[in-house]
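Enquirer: Sharing a structure below in C-alpha cells format, with a few things to ask.
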Amino acid sequence: MSGRLNRAAILASTPLRQALGLMGIVFAILLVTLGFAYVALRTSTEDAIQADLKQQTAVFQVAANPETLSVIVSAEARASDPSERAIAFVLPDGRQVGNVRVIHQGDQWVVSRHPDYEPLSKHGYFTLTMPLAGGLLVIGESRAPIAELSSTFLAILIFSFVPSLLISAAYGAWAGMRARRRVSAIEETLDQLTEGRLEARVPEDEVKSARGDDLARIGARLNAMAETQEATVAALRQVSADIAHDLKTPMQRISVLLAELRDSLPEGEARHLAERAGIEAEGAVAVFHSLLRIAQIEGGSPKSRFATVDLGALASDITELYEASAEEAGGTLTLSRPEGACTVQGDRGLLGQMLSNLIENAIRHAGPAPQIRVELARREGRVDLVVRDHGPGIPEAERAKVLRRLYRLERSRTTPGNGLGLALVQAVAGLHEAELTLGDNHPGLSVTLSFPAA
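If you use the working numbering, the sequence shown corresponds to residues 180 to 633, in order.
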C-alpha cells in the first residue's frame, strides 16, 4: 500500500510532470521535423527517379522500326538487373522482349518475372509506359531507394527517440523522487509544527541543497518561522510560569491569613464570608500550581526521571483508589487489562496524575450515575490507555478547545474545576510522545492515549 502511495506521490510531483511535459514537446518537435524531412526527401527522390526514367527513353527513341528497337531492348535487358531496372518491349504482333514480362490489367501494365532473368524487385517499381515504333515500351525503376530512405528515417527515429525517452524518463523519475523527498521533509515538518512540536525543523541538507532553489528557500523560511514561533511560545510560557510562580506564594499567604481570620471570627456572616474567601483563594492557589506543573512538564525536565512503568499495574492502583468516589457518585469504575505487563518509558507520578485527572473528570462530568471504564491494550509496539464514560460527551467542534488551558465547556461552568485537567493530560501525553485522541463513546466520551511500548 505504501509503495502505491509513494508511486502516486512521485507521479503527482511537479518536477516529474514538467519533465514529462518537456519531453513530450521535444518528441513532438522531433516527430514533426523528421516527418517534414522525410516527406521532402521522398518527394525529391521520386522526382529524380521519374526524371531518370524519361532520360532513359531517349536511347530507345532513335529506333525507327520494331525490330531495331527489340534488338536495343534485348541488349539493355541483358545488361540490367531486373531487381533494379525493368525493361520490356511489346512488339505490334504481341511478342515481348526484355528482362521482365508485362501483363495488361485494366488500364495498367503490370510487371512480372521473366523466367530467364533474376527475380523482381521486392519493393515494386516506378514505371513509365510509352508507345514506340508501333509497339509499347515499358521501363521500370525499383522503389528500393524509397524503402531505404524509409528504413533510414525509421532508424533515426528509433535511435534518437528511444534513448531520449529512456534518459528523459530516468531524469524525470530521479527529479520526481528527489523533489518528493524534499517536499516530504517540508510536509513532515509542517505536520510536526501543527501538532505543537515547535522544535521541528526542515533538515539542513534539504535547506542547503540544489544551490538555493525554490524548495530550499521555502525550507529556510519555514525554519525561520518555526524558530520565531518557538521563541514566542517559549516567552509566553515563561511569562505565564513566572506570573504563576510569583503569585503562588502571595496567594498561599492570603489563604493562610483567611483561614486565621475565619478561625478568629465568631459564628456569623463575617465568619461565613471569610470561609468562602478562603475556598476561593485555595482554588486560585490550585490554578497557579497546575499552571506551574504544566510549564515544568512542557519544559521537558521530568524526562530525566523516566523509567520503565507498567501501565497495567499503575491503572490498577489508580482505579482502586477512585472506586469509592465513583460509588459515592452513584456509578461504577471498572478496569480491563490484558495478561502480562503493559510497559512504557515514563514518569510514574505524572502518568498517575494524568489518569487521575481523566477519572476525576469522568466522575465530575459524566452525569449523576457515572459509568466509567478504563481499558488497556497492546498492539504493534504500542500500548493504548482508554478511559470511557457514558455521559454527555464533548461536541466534536469543542474537542480541540478543551485541551487549552483554562477553557471550560458552557455546561461545566457550574461544576468544580479550573479548566486545566485536560491541558495537564495533553502536556503529560506530549512529554511521553503519546498520541491523545478525544472520541465519541456513543454515548459519552472516550479518551485514548497511545504510548510507544517500552
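Just so it is clear, CB atoms sit at the ideal spot from N, CA and C, and this is done for glycine as well. Just so we're clear, the structure is a prediction, and the values are computed from it rather than from any experiment.
Pair every Cβ in the stretch 304 to 313 with every Cβ in the stretch 197 to 211, then say whether three or more of these pairs are closer than 8 Å.
Expert: Because the criterion of three Cβ pairs below 8 Å is not met, the stretch 304 to 313 and the stretch 197 to 211 do not touch.
Enquirer: Which value, in whole angstroms, describes the spacing of the CA atoms of G531 and L493?
Expert: For G531 and L493, the distance between alpha carbons rounds to 7 Å.
Enquirer: Using the Cβ count rule (16 or more neighbours within 10 Å means buried), how would you classify L184?
Expert: Because L184 carries a pLDDT of 44, less than 50, the predicted location of this residue cannot be relied on, and no value is offered for it.
Enquirer: Taking only three categories from DSSP, how would you classify P310?
Expert: It is a strand residue.
Enquirer: My guess is that T511 and A505 are in contact by the Cβ rule of under 8 Å, so how many angstroms apart are they, rounded?
Expert: About 6 Å separates the two Cβ atoms, so the contact holds.
Enquirer: V252: beta carbon under 7 Å from a heavy atom of the ligand MN?
Expert: Ligands are entirely absent from the displayed structure, and the ligand MN is therefore not among its contents.
Enquirer: Under 7 Å Cβ to Cβ from I397, same chain only, skipping five residues before and after it: list those, please.
Expert: Result list for I397: I365, in chain order.
Enquirer: Less than 6 Å between C-beta atoms, sequence neighbours within five positions excluded: which residues of the same chain meet that for R322?
Expert: For R322, where only same-chain residues beyond five positions count, the Cβ hits under 6 Å are H302 and G303.
Enquirer: To the nearest angstrom, how far is it from the Cα of L210 to the Cα of L336?
Expert: Rounded to whole angstroms, L210 to L336 spans 8 Å at the Cα level.
Enquirer: Taking buried to mean at least 16 other C-beta atoms within 10 Å of its own C-beta, is P574 buried or exposed?
Expert: So P574 counts as exposed.
Enquirer: Could you check what DSSP says for I573 in three-state terms: helix, strand or coil?
Expert: In this structure, I573 counts as coil in the three-state DSSP scheme.
Enquirer: Spell out the partners DSSP gives R432 in its beta bridges.
Expert: DSSP, once it has assigned bridges, lists no residue as partnering R432.
Enquirer: Starting from H544, trace the alpha helix (DSSP H) in both directions and tell me its first and last residue.
Expert: Note, H544: alpha helix (DSSP H), R527 to H544.
Enquirer: Tell me which residue opens and which closes the alpha helix (DSSP H) that Q240 is part of.
Expert: That residue, Q240, is in no alpha helix (DSSP H); it is neither H nor E in DSSP.
Enquirer: Taking the C-alpha atoms as reference points, what is the distance between R360 and A632?
Expert: C-alpha separation (whole angstroms): 29 Å.
Enquirer: Which class does G200 belong to by DSSP, given the choice of helix, strand or coil?
Expert: Reduced to three states, the DSSP call for G200 is helix.
Enquirer: How is the beta strand (DSSP E) around F268 delimited, first residue to last?
Expert: Run containing F268: R264 to V269, per the beta strand (DSSP E) assignment.
Enquirer: Can you name the start and end residues of the beta strand (DSSP E) that F630 belongs to?
Expert: Taken as a continuous stretch (DSSP letters only), the beta strand (DSSP E) holding F630 covers L624 to P631.
Enquirer: Could you tell me if Q229 is buried or exposed, where buried requires 16 or more neighbouring beta carbons within 10 angstroms of its beta carbon?
Expert: Counting Cβ neighbours within 10 Å, Q229 comes out exposed, since fewer than 16 surround it.
Enquirer: Could you give the DSSP three-state label for H451: helix, strand or coil?
Expert: Three-state DSSP puts H451 in a helix.
Enquirer: Could you check where the alpha helix (DSSP H) with E614 kicks off and where it finishes?
Expert: E614 -> not in any alpha helix (DSSP H); beta strand (DSSP E) instead, spanning E614 to D619.
Enquirer: Does DSSP put G510 in a helix, a strand or coil?
Expert: DSSP places G510 in coil when its eight states are reduced to three.
Enquirer: DSSP on D384, reduced to helix/strand/coil?
Expert: Residue state, collapsed to three classes: helix.
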